[in-house]
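First up is the structure itself, then whatever we jot down about it.
Number of protein chains: 2
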Amino acid sequence: MSTKSQIIDTTAKLLETQGYHATGLNQIVKESGAPRGSLYYYFPDGKEQLAAEAVADRGRGIAQHISEQLARVEDPAESVYQLFLSLADHVENSACNGGAPLANVALEASARSERLREACHVAYQQMQQVVEQKLLTAAYAPERAKRLSTTVVAAIDGGIILSRARKSAEPLRQVAKEIKALLECTAKSGS
Amino acid sequence: MSTKSQIIDTTAKLLETQGYHATGLNQIVKESGAPRGSLYYYFPDGKEQLAAEAVADRGRGIAQHISEQLARVEDPAESVYQLFLSLADHVENSACNGGAPLANVALEASARSERLREACHVAYQQMQQVVEQKLLTAAYAPERAKRLSTTVVAAIDGGIILSRARKSAEPLRQVAKEIKALLECTAKSGS
DNA sequence: GTCTATATGCAGATAGAC
DNA sequence: GTCTATCTGCATATAGAC
């Protein structure tokens, strides 16, 4: 892996657990093992640019991960449910400090940096579209599939926040059940 | 209002929009108009203590706000729906930089400070219990009311994150519709 | 209770050698 | 491309006067 992508990857990981302002350039350099002098060579605009690229990279990664997870089960409701459960496992394995790679930056920087806000927005759109596409394979009306995909993404992030605060993946699993119920009980009614 | 509560209130507001690490003690002093020397007099443990008290205070505030909102409409599903809409208005009026007073701190500090994590957890529990109580006035099974209340709180925070990233309250309104659908379509089935 | 002054450290960023 | 040295500024926190 190239030095640049190594830096981006480490940054994304730190942003996920610590957030933007708590993550220092020094820490990124140290944990990535990248040469100190490379940082401003690859990212002339400094921390903001680096974070934006990390968010974009992680956004693509999650969207792909979600896509793969959803593809494993044919039924949309069940596939989304399994996605939640896999996320819950991930949250548990990361000691409840991970799982929502974008939420932290989105909240912190949406006001301060337009560049970061936009990066987060794009990443969320990608996640949402993947879910939406899966839902469209069922009998949902297009508008409703869009609303549902927004709800699924929101429920993921919200569930992870609660799980982190509680130091337990239980909230995420509870949310999983209800999202499944939502997808099932109204599957055929266009409403 | 006393100096102390003035400081707490300002801190809570800044934490909501900026998060923990981006909010400096200097800014708190300046914007609160409180005397500089008072800070460590009222909060000997410094920033961490101040933030924890701000979170606790805001937690009580939101729980009460939610309680009042839910009391305005008898039907649980409809009352929760109206709650979401009022939150969407609030997010819009704050230029999409507010609405989730706890999420930011919960994500940032859950790993670093046990004290802050616990404060967030308690605050979330209070919110959830208010919703749960409202749901119990309907025909939901107790266990399900708990799951649903978790889902509602998660959906609020997640919806607000998406709305902030998108600079529009639209995601929150979409989520609102689906949560309403969830509460309605399964009202009588204990599942 | 509140003030000012200050200690100490680390942040992000830059310059210039190699 | 990568290095080291350094600039500047702000962060939290403390000391001691009033």
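For the protein sequence lines, the chains are Z and Y, in the order given. For the first sequence, the numbering used here begins at 1 and goes up steadily by one. For the second sequence, the numbering used here begins at 1 and goes up steadily by one. Ideal Cβ positions, reconstructed from N, Cα and C, are used throughout, including at glycine. Here the structure is a predicted model, which is why all the values come from computation and not from measurement.
- Message: Would Y/Thr-10 pass as an interface residue toward chain Z - the criterion being a Cβ-Cβ separation below 8 Å?
- Response: Numbered from its first residue, the second sequence carries residue 10 of chain Y at position 10. Taking a beta-carbon distance threshold of 8 Å, Y/Thr-10 does not count as an interface residue toward chain Z.
- The alpha helix (DSSP H) enclosing Y/Glu-184, as first and last residue numbers: Numbered from 1 along the second sequence, position 184 holds the residue referred to as residue 184 of chain Y. First-last of the alpha helix (DSSP H) with Y/Glu-184: 170–185.
- Task: Report the neighbours of Y/Leu-182 on chain Z: residues whose CB is nearer than 9 Å to its CB, in chain order.
- Result: Your numbering for residue 182 of chain Y matches position 182 in the second sequence. Thr-151, Glu-178, Ile-179, Ala-181, Leu-182, Cys-185 and Thr-186, listed in chain order.
- Can you tell which of Z/Gly-33, Z/Val-105 and Z/Leu-182 has its C-alpha closest to the C-alpha of Z/Gln-6? In the first sequence, counting from the first residue as 1, residue 6 of chain Z sits at position 6. Of Z/Gly-33, Z/Val-105 and Z/Leu-182, the residue nearest in Cα terms is Z/Gly-33.
- Do the segment 97–116 of chain Z and the segment 141–152 of chain Y touch if we need at least three Cβ pairs shorter than 8 Å? Contact fails: fewer than three Cβ-Cβ distances are below 8 Å.
- Message: Quick check on DSSP: helix, strand or coil for Y/Phe-43?
- Response: Within the second sequence, residue 43 of chain Y is the residue found at index 43, counting from 1. Residue state for Y/Phe-43 is assigned as coil, using DSSP reduced to three classes.
- Can you give me the Cβ contacts of Z/Thr-17 inside the same chain, cut-off strictly under 7 Å, excluding the 5 residues immediately before and after it? Locating residue 17 of chain Z in the first sequence gives position 17, counting from the first residue. So the qualifying residues of the chain are Asn-97 and Gly-98.
- Item | Cβ-Cβ separation, Z/Gly-158 to Y/Asp-157 (assumed contact under 8 Å), whole Å | Against the second sequence, residue 157 of chain Y aligns to sequence position 157. Against the first sequence, residue 158 of chain Z aligns to sequence position 158. About 4 Å separates the CB atoms of Y/Asp-157 and Z/Gly-158; that is less than 8 Å, so the two are in contact.
- Query: Listing by chain order, which chain Y residues have their CB less than 9 Å from the CB of Z/Tyr-140?
  - Reply: Numbered from 1 along the first sequence, position 140 holds the residue referred to as residue 140 of chain Z. Correct list: empty, because the minimum Cβ distance to chain Y is about 11 Å.
- Query: Y/Gly-37: buried (16+ other C-beta within 10 angstroms of its C-beta) or exposed?
  - Reply: Counting from 1 along the second sequence, the entry for residue 37 of chain Y is found at position 37. Looking at its Cβ environment, which holds fewer than 16 other Cβ atoms inside 10 Å, Y/Gly-37 is exposed.
- Item | C-beta atoms of Z/Ser-79 and Z/Leu-70 nearer than 8 Å | Mapped onto the first sequence, residue 79 of chain Z falls at position 79. Mapped onto the first sequence, residue 70 of chain Z falls at position 70. Yes, the pair counts as a contact, with Cβ atoms nearer than the cut-off.
- Query: Hey, how far is the Cα of Z/Ile-28 from the Cα of Z/His-121?
  - Reply: Sequence index remark: in the first sequence, residue 28 of chain Z carries index 28 (1-based). Sequence index remark: in the first sequence, residue 121 of chain Z carries index 121 (1-based). Cα to Cα, the separation comes out at about 24 Å.
- Task: Use the C-beta contact count for Y/Lys-47: other C-beta atoms within 10 angstroms, 16 or more gives buried, fewer gives exposed.
- Result: Residue numbering aside, residue 47 of chain Y sits at position 47 when the second sequence is read from its first letter. Y/Lys-47 comes out buried.
- With 8 Å set as the bound, which would you pick, yes or no: does the beta-carbon of Z/Arg-164 sit closer than that to a beta-carbon of chain Y? On the first sequence, position 164 is the one that residue 164 of chain Z refers to. Judged by the 8 Å Cβ criterion, Z/Arg-164 is in contact with chain Y.
- Would a check of beta-carbon distances place Y/Gly-99 closer than 8 Å to chain Z? Start at 1 with the first residue of the second sequence, and residue 99 of chain Y comes out as number 99. Not closer than 8 Å to any Cβ of chain Z, the Cβ of Y/Gly-99 fails to qualify, so no.
- Item | Cβ shell of Z/Ile-66 (< 8 Å), same chain only, five flanking positions each side left out | Taking the first sequence and counting its residues from 1, one reaches residue 66 of chain Z at position 66. Hits under 8 Å: Leu-83, Met-127, Val-130 and Val-131.
- Message: At 4 residues or longer, what runs of the alpha helix (DSSP H) sit wholly inside the segment 65–129 of chain Z?
- Response: Entirely contained in the segment 65–129 of chain Z, the alpha helix (DSSP H) runs reaching 4 residues are, in chain order, 76–93 and 103–109.
- Span of the alpha helix (DSSP H) around Z/Ala-154: Mapped onto the first sequence, residue 154 of chain Z falls at position 154. It spans 142–166 - the alpha helix (DSSP H) in which Z/Ala-154 sits, taken as one unbroken run.
- Message: Between the alpha carbons of Y/Ser-189 and Z/Glu-114, how many angstroms are there, rounded?
- Response: To locate residue 189 of chain Y, count along the second sequence from 1; it is residue 189. To locate residue 114 of chain Z, count along the first sequence from 1; it is residue 114. Residue confidence for Y/Ser-189 is low, a pLDDT of 49 falling below 50, so the modelled location carries little weight and cannot support an answer.
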